[in-house]
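The numbering of the sequence shown is my numbering, which starts it at 8 and goes up by one.
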Amino acid sequence: MCREYNIMLTILGVLSVAAGLAQALTIPPPGALVIGKDYAKIQDAVDVLNTTSAEEQVLFIEAGTYHEQVDIPALSGPLTVYGYSEDASGYAGNQVVITYSDALADEPNDYATATLRVRTSDFKMYNVDVKNTYGQADTDGQALAISAEAENQGYYGCGFYGYQDTVLAETGAQLYAKCYIEGATDFIFGQRAAAWFDGCDIRVLEASLGFITASGRSSNDSSYYVINNSTVAAADGADVPSGAYYLGRPWREYARVVFQETSMSNVVNPAGWSVWSTTNPQTDHVTFDEYENSGAGSNGTRASFASTLNEPVLITEVLGSDYESMAYVDTAYLA
């Protein structure tokens with residue numbers, strides 16, 4: 008893409024990613040706070056954001072690896088974060104990494120372990136990789152990459168890397184599109200979010216037993232995890248036994264998760280879904296559904312508490328009928 012076209016896009020606004028997924032995110036939009044140039048750390052730029060302004064604010068992160076924890080507080084207006092990338096069509100060309108190592112063993116709660124904590128609504132982030140490198144632990148190994156704690160958040164072409172509890176989708180409507188999500192234990196989890204995962208690559212690490220999702224829905228409320236048009240397979244270089252992973256287990260008794268039109272390798276156990284534990288199964292009220300999945304992992308006799316749908320869940324059922332008009336939604340990234 009020519010430099011002149013990129014400059015034109017910045018003049019029009021904030022790098023208008025939706026105008027074309029193949030475009031580069033290489034030039035900060037006017038008015039952006041630029042990390043790697045004006046600010047050495049991402050948190051330094053976050054700390055000068057106006058918390059009372061209703062106007063959109065923008066952070067642009069130059070290429071590099073940033074060793075820090077980032078905590079974005081509640082703001083009064085929208086916030087968009089762009090990571091430098093020469094190809095914004097997905098995560099493969101990402102050149103911005105936020106990395107940290109922390110776990111519950113050293114913190115008072117899960118939230119505090121997160122490499123990136125986002126507590127504001129009307130939030131979008133593009134082409135940033137977020138990693139928690141703590142790895143496996145026998146106890147208190149919860150180690151979040153992202154803690155998404157507010158409604159109306161969208162993540163586009165991002166990568167989330169961890170082992171246990173990688174992605175906390177906690178509250179309200181959330182959208183993860185063309186993202187990479189990696190882990191081993193309950194690595195997509197939360198309690199009150201209605202989260203739609205679209206065109207995501209879910210990758211599992213080497214383990215004899217693992218669980219992709221852990222829905223903490225504790226009542227008959229609107230929270231939902233739908234994994235749509237995605238892939239499930241072993242991470243590059245990971246030697247994962249056949250059938251080692253379950254699509255999910257119920258963190259709370261009303262857990263609700265759907266995998267639909269998703270390709271699954273043989274890492275997925277034929278039963279598909281698991282109880283929480285043998286002493287506390289928590290399956291009486293769960294909704295564990297599938298629709299038109301494919302691949303070796305989609306075959307087998309599923310658990311008795313799981314179901315097969317006759318039609319797919321619609322995105323409007325999860326994000327609302329007006330989702331396309333919401334500031335956090337970039338429809339160009341949807342399948």
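Virtual Cβ for every residue (Gly too), placed ideally from N, Cα, C.
Spanning the alpha carbons of K44 and Y89 requires a straight line of approximately 14 Å. Taking C-beta separations shorter than 8 Å and ignoring five residues to either side along the sequence, the partners of G279 in its chain run Y253, L254, F295, E297, G307, R309, A310 and A313, following chain order.
Within the same chain, and ignoring the five residues on either side of D246 in sequence, the residues whose Cβ sits closer than 8 Å to its Cβ are E213.
The DSSP-derived three-state label of A310 is coil. By the CB criterion at 8 Å, T140 and T173 fall outside the cutoff. DSSP places G164 outside both helix and strand once states are collapsed to three, so it counts as coil. The three-state reading of DSSP puts L341 in coil, since its state is none of H, G, I, E or B. Annotation: V275 to Y335 spans about 32 Å, alpha carbon to alpha carbon. For T87 and D145, the gap between their C-alpha atoms comes out near 37 Å. Nearest to T238 by alpha-carbon distance, out of N300, G244 and S281, is N300.
Residue F67 holds the alpha-carbon nearest to the alpha-carbon of I34 among F67, K48 and C165.
Within the model, the alpha-carbon separation for L216 versus A251 is close to 5 Å. Excluding sequence positions up to five before and after Y330, its CB lies within less than 6 Å of the CB of V336, all in the same chain and listed in chain order.
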